[in-house]
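First up is the structure itself, then whatever we jot down about it.
Number of protein chains: 2
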Amino acid sequence: MSANGSDIVTSPPRMSDVARLAGVSKMTVSRVLAGHSVAITTRERVQQAIDQLGYVADAAAGALSSGRSEFVAVLVPSLASSNFSDTVRGLSASLEPHGLQLLIGDTDYHLDREERLVRSMLRHQPRCIALTGSRHTEATRTLLRRSGVPVVEMWDAPADPIDAAVGFSNVNAAREMVRYLADKGYERIGFIGGASELDRRGLDRLKGFRAQMKALDLDDTRIIRLGESPITMSHGGPAIAALLDTWPDTQAAMCVSDMSAFGAIMECHRRGLTVPDDIAIAGFGNFEVSACCTPTITTVSVDAYGIGLRTGETLLAALEAREQGIEPKLNKRKRVAYEVLARESA
Amino acid sequence: MSANGSDIVTSPPRMSDVARLAGVSKMTVSRVLAGHSVAITTRERVQQAIDQLGYVADAAAGALSSGRSEFVAVLVPSLASSNFSDTVRGLSASLEPHGLQLLIGDTDYHLDREERLVRSMLRHQPRCIALTGSRHTEATRTLLRRSGVPVVEMWDAPADPIDAAVGFSNVNAAREMVRYLADKGYERIGFIGGASELDRRGLDRLKGFRAQMKALDLDDTRIIRLGESPITMSHGGPAIAALLDTWPDTQAAMCVSDMSAFGAIMECHRRGLTVPDDIAIAGFGNFEVSACCTPTITTVSVDAYGIGLRTGETLLAALEAREQGIEPKLNKRKRVAYEVLARESA
DNA sequence: TTGAAAGCGGTACCAA
DNA sequence: TTGGTACCGCTTTCAA
Numbered sequence: 061m062s063a064n065g066s067d068i069v070t071s072p073p074r075m076s077d078v079a080r081l082a083g084v085s086k087m088t089v090s091r092v093l094a095g096h097s098v099a100i101t102t103r104e105r106v107q108q109a110i111d112q113l114g115y116v117a118d119a120a121a122g123a124l125s126s127g128r129s130e131f132v133a134v135l136v137p138s139l140a141s142s143n144f145s146d147t148v149r150g151l152s153a154s155l156e157p158h159g160l161q162l163l164i165g166d167t168d169y170h171l172d173r174e175e176r177l178v179r180s181m182l183r184h185q186p187r188c189i190a191l192t193g194s195r196h197t198e199a200t201r202t203l204l205r206r207s208g209v210p211v212v213e214m215w216d217a218p219a220d221p222i223d224a225a226v227g228f229s230n231v232n233a234a235r236e237m238v239r240y241l242a243d244k245g246y247e248r249i250g251f252i253g254g255a256s257e258l259d260r261r262g263l264d265r266l267k268g269f270r271a272q273m274k275a276l277d278l279d280d281t282r283i284i285r286l287g288e289s290p291i292t293m294s295h296g297g298p299a300i301a302a303l304l305d306t307w308p309d310t311q312a313a314m315c316v317s318d319m320s321a322f323g324a325i326m327e328c329h330r331r332g333l334t335v336p337d338d339i340a341i342a343g344f345g346n347f348e349v350s351a352c353c354t355p356t357i358t359t360v361s362v363d364a365y366g367i368g369l370r371t372g373e374t375l376l377a378a379l380e381a382r383e384q385g386i387e388p389k390l391n392k393r394k395r396v397a398y399e400v401l402a403r404e405s406a
Numbered sequence: 061m062s063a064n065g066s067d068i069v070t071s072p073p074r075m076s077d078v079a080r081l082a083g084v085s086k087m088t089v090s091r092v093l094a095g096h097s098v099a100i101t102t103r104e105r106v107q108q109a110i111d112q113l114g115y116v117a118d119a120a121a122g123a124l125s126s127g128r129s130e131f132v133a134v135l136v137p138s139l140a141s142s143n144f145s146d147t148v149r150g151l152s153a154s155l156e157p158h159g160l161q162l163l164i165g166d167t168d169y170h171l172d173r174e175e176r177l178v179r180s181m182l183r184h185q186p187r188c189i190a191l192t193g194s195r196h197t198e199a200t201r202t203l204l205r206r207s208g209v210p211v212v213e214m215w216d217a218p219a220d221p222i223d224a225a226v227g228f229s230n231v232n233a234a235r236e237m238v239r240y241l242a243d244k245g246y247e248r249i250g251f252i253g254g255a256s257e258l259d260r261r262g263l264d265r266l267k268g269f270r271a272q273m274k275a276l277d278l279d280d281t282r283i284i285r286l287g288e289s290p291i292t293m294s295h296g297g298p299a300i301a302a303l304l305d306t307w308p309d310t311q312a313a314m315c316v317s318d319m320s321a322f323g324a325i326m327e328c329h330r331r332g333l334t335v336p337d338d339i340a341i342a343g344f345g346n347f348e349v350s351a352c353c354t355p356t357i358t359t360v361s362v363d364a365y366g367i368g369l370r371t372g373e374t375l376l377a378a379l380e381a382r383e384q385g386i387e388p389k390l391n392k393r394k395r396v397a398y399e400v401l402a403r404e405s406a
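Chains as they are written, first to last, in our numbering: chain A, 61 to 406; chain B, 61 to 406.
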């Protein structure tokens, strides 16, 4: 009974228990676990003891003793957005093989929540930390600076990153979409975005829209801002309705996200409007729905998984440098490619 | 310069540094941090020292010393599925106010990956652990049993849970959908699901379909299984195509998920078929797309966020019981409600 | 190749 | 209300 612990809840085995059973010292057990050189016969005896007891080493004790945890902290605005969950998967894929464990936090687009989460994660002495975006509270910056932990900012291309950045310019990406639409011959183009000031990337896209419309000498005032972040499918319908009510002669709508673009298209269907013949609609992000719905949605494709992957690689490089005593000067600003994906809706 | 650490990277301040600066002992600092009773003037002095140094307590040291971490482990099959990310958000919402930190893992639907992740999370001595589903490897069960950590299994209603379970019977939910379709007058009903044996909940839905079709004396052989988990929108098109090619007189298709239902509807549109007049299509899960697309998708609504919330509450109850020395006999098997949501597509 | 001792940074416990 | 001391479970360091 006590062997499988089904009845009596004994305290879990310690390294010293394993050592005693194997007839060696704690240190030898520690070496076996760390993969250091140990005589093959000894190693086998120890491994057997580990298996027999079902020993699981205590990570907190190890971290305290060695002075290094195996945590990497990641903060995203919303886990519900497939874009960010893809980034998390990319990070996980690159870091897990190195024995690193993600500490994932969801800021819900709030900078003060980000600050709270950073403080909370810092308590676990993460090896490095990945944030989304380049806007942070002053307190967050101070916390990060003092901690000395390498930082990567994702999904943006800030002029002056804290440490390193892996992302792209949402302003430029939006400008490119405007150019695409203008090339297609659309002139009266509207923008559909969120009402919140919290989604900086959404605001940057709006900024890019305005700038490029102005540059092309087109009307840059057809803007509908509706709904809180994260923008979902349900925001698109009311938004396109408002756009068409206000400016009935609008030829194309550029949406801050594929989610709202999809909602907008569905609303158009309901109104008997054909997309893109009656009105063209473009999205952003290349979410799955944009490739599956009819008409397929013209969008800006972004490699969300790749952002995670490259962020992971950047963090690993920083760790390696630090290992070798080199002050981890991360390569600042890695650009991630994006492209306008011409499909049916615009 | 050293005050904000911008130039010299000094090792971060320790509790003893705070104590020295405030002119008190470490213990007093510890008490201030823990919110224990300390003279108001002393507390202020300590707090000032903390702020001045930017002190952040080391969680690993605290955990080691007190013998309890503030981690809760969660394992889901896929973070990319909004269903599971909603569950994670629910968990987070209920646990965060209690100072608990989630350790999130993505099993990618593989039981051996789950086993590896459980082992890895157990190293951090989590206060409790939430798993998805009720199928686990024998090694996973042994690990969990030996660890003594309270376990909650989510998204299923196992007959014999490890500890506690928060979910519902996917078999019964699927049966209910079949009944709904039969009541609507459909008789030649097909099932569209994934090819993989890994998604137990999907398999349970298939099982429920078969059982109820048989019970109603209807043909239960019209089954298309296509695509790996997680099932996405892109699986629905080929699947409905295969279904209609094999059994052209099919009147209704019941899909394992709203994702494939959506893909199927889009494919029908492309073929010039009207849903539900030419063919009815039902989904499962009440994903956002099912409420937004046209036609809106008849589905089984499940409170994914609520599963997370109730799981969190269950875990908190177990912790509280343990605190009071009561052996944490969790309430086994909490049922979460689901219901067939009649909409336009079926 | 292996072992003994010291100590990582906190908290529990008891004494003042 | 506060402080001293032991110690949590592991790794580092040094010696055998």
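No residue lacks a Cβ here, since even glycine has one placed at the ideal position from N, Cα and C.
Among A:Leu-258, A:Gly-127, A:Glu-247 and A:Val-84, the one whose alpha carbon lies nearest that of A:Arg-173: A:Leu-258
Minimum C-alpha distance to B:Ile-252 - residue among B:Ala-82, B:Ser-361, B:Thr-197 and B:Ala-299: B:Ala-299
Buried or exposed by the 16-neighbour rule on C-beta atoms within 10 Å, applied to A:Asp-277: exposed
Beta strand (DSSP E) segment containing A:Tyr-169, residue limits: Note, A:Tyr-169: premise wrong, no beta strand (DSSP E); not H, not E.
Cα-Cα separation, B:Val-209 to B:Ser-194: 16 angstroms
Interface partners of A:Cys-315 on chain B, CB under 9 angstroms: By Cβ distance, chain B contributes nothing, its closest Cβ being about 14 angstroms from A:Cys-315, past 9 angstroms.
Among A:Pro-137, A:Asp-305, A:His-158 and A:Leu-160, the one whose alpha carbon lies nearest that of A:Tyr-169: A:Pro-137
Closer than 6 angstroms: A:Ile-189 CB and nearest the ligand HEM heavy atom: The ligand HEM is not part of this structure, which contains no ligands at all.
In DSSP terms, what B:Gln-161 is bridged to: B:Phe-131
Buried versus exposed call for B:His-184 [16 or more other C-beta atoms within 10 Å across all chains shown]: buried
A:Arg-285, DSSP secondary structure in three states: strand
Residue-level contact to chain A via CB, B:Ala-121, 7 angstroms cutoff: yes
Separation of B:Glu-373 from B:Cys-188, as counted between CA atoms: 12 angstroms
Distance CB(B:Leu-162)-CB(B:Val-132) smaller than 7 angstroms: yes
Sub-7 angstroms separation of B:Ile-367 and B:Met-214 beta-carbons: yes
For A:Asn-64, the three-state DSSP class (helix, strand or coil): Note that A:Asn-64 scores 37 on pLDDT, short of 50, meaning its location in the model is unreliable and no value can be drawn from it.
Chain B contacts from the segment 121-143 of chain A (Cβ-Cβ distance under 7 angstroms): Ala-121, Ala-123, Leu-124, Ser-129, Leu-139, Ala-140 and Ser-142
Three-state secondary structure assigned by DSSP to B:Leu-182: helix
B:Lys-394, buried or exposed, once every other Cβ within 10 Å from all chains shown has been counted against 16: buried
Bridge partner(s) assigned by DSSP for B:Ile-249: B:Ala-312
Residue(s) in a DSSP beta bridge with A:Ile-341: A:Ala-313
Where the beta strand (DSSP E) through B:Ala-190 begins and ends: 188-192
Helix, strand or coil at B:Thr-88 according to DSSP, with G and I counted as helix: helix
Partner residues on chain A for B:Pro-72, Cβ-Cβ distance less than 8 angstroms: Arg-206, Ser-207 and Gly-208
Distance between B:Gly-297 and B:His-158 (C-alpha atoms, nearest Å): 45 angstroms
Option in B:Ile-357, B:Ser-180 and B:Gly-345 with minimal Cα separation from B:Thr-147: B:Gly-345
Interface flag, B:His-329 vs chain A, CB-CB below 7 angstroms: yes
C-beta atoms of B:Ala-121 and B:Val-106 nearer than 7 angstroms: no
Listed by chain order, chain B residues near A:Met-326 by CB distance under 7 angstroms: Cys-352, Cys-353 and Thr-354
Within chain A, the residues that B:Glu-348 reaches when beta carbons sit closer than 9 angstroms: Thr-292, Met-293, Ser-294 and Met-319
Positions along the segment 176-201 of chain A whose CB lies within less than 7 angstroms of some CB in chain B: Arg-179, Ser-180, Leu-182, Arg-183, His-184 and Gln-185
Beta-ladder partner(s) of A:Leu-177, from DSSP: DSSP lists no partner for A:Leu-177.
Three CB pairs or more closer than 8 angstroms across the segment 73-92 of chain B and the segment 108-126 of chain B: yes
Contacting positions in the segment 145-167 of chain A - beta carbon closer than 8 angstroms to chain B: Ser-145, Asp-146, Val-148, Arg-149, Ser-152, Gln-161, Leu-162, Leu-163, Ile-164 and Asp-166
Rounded separation between A:Tyr-223 and A:Val-212 - CA only: The amino acid occupying residue 223 of chain A in the given sequence is Asp; Tyr does not appear at that position. Going by the C-alpha atoms only, they are around 6 angstroms apart.
A:Pro-1 burial status per 10 Å Cβ neighbour count (16 or more: buried): Shown here, chain A extends from 61 to 406; a query on residue 1 of chain A therefore has no answer.
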